[in-house]
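Everything in the sequence shown is counted per the numbering used here, starting at 1 for the first residue and increasing by one. Beta carbons: idealized from backbone N, C-alpha and C, even for Gly. Quick caveat, the model's predicted, so the values are computed rather than measured.
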Amino acid sequence: MSKTTLTSLFRFTGYLEGGSLLLLVFIAMPIKYMLSNPNVVSVLGMIHGGLFSMYVIMILVMALIVRIHIKWPVIAFITAFIPFGTFIFDHFFINGKSYEKITQS
């Protein structure tokens, strides 16, 4: 796979992971407490956990295969634990700097 394809896959995984957190917080949690139905949280929680794991794996792929500078995977890993941090990281990683600068710095 090309570096551009892997970068796109990394971004897509980040959006999926962040989107699953949005669903979990704003849909599943209200259903759990307002309708006394914890099943939705169980299902979406497992999906979110799987997507989070995929995101962490993609961070490793970006570090080892794409060979981005070590500071970017470290920042990506830290922001993965901050709610909606994947969206924030994507903004700075892709939009804030050109991809070429990141791979060379």
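About 7 Å separates the Cβ atoms of Val66 and Thr7, confirming a contact at the 8 Å cut-off.
In the three-state reduction of the DSSP assignment, Phe12 falls in the helix class. Nearest Cα to Gly50 within the set Pro30, Phe26 and Gly19: Gly19. Annotated three-state conformation of Ser42 is helix, per DSSP.
Taking a contact as a CB-CB distance under 8 Å, the pair Phe84 and Leu21 counts as one, their CB atoms being some 7 Å apart.
Closest by C-alpha distance to Leu44, out of Met54, Ile27, Val56 and Ile59, is Ile27. Buried is the label assigned to Tyr55, since at least 16 other Cβ atoms lie within 10 Å of its Cβ. The three-state reading of DSSP puts Ser2 in coil, since its state is none of H, G, I, E or B.
Under the criterion of beta carbons closer than 8 Å, Phe77 and Ile59 qualify as touching, at roughly 6 Å.
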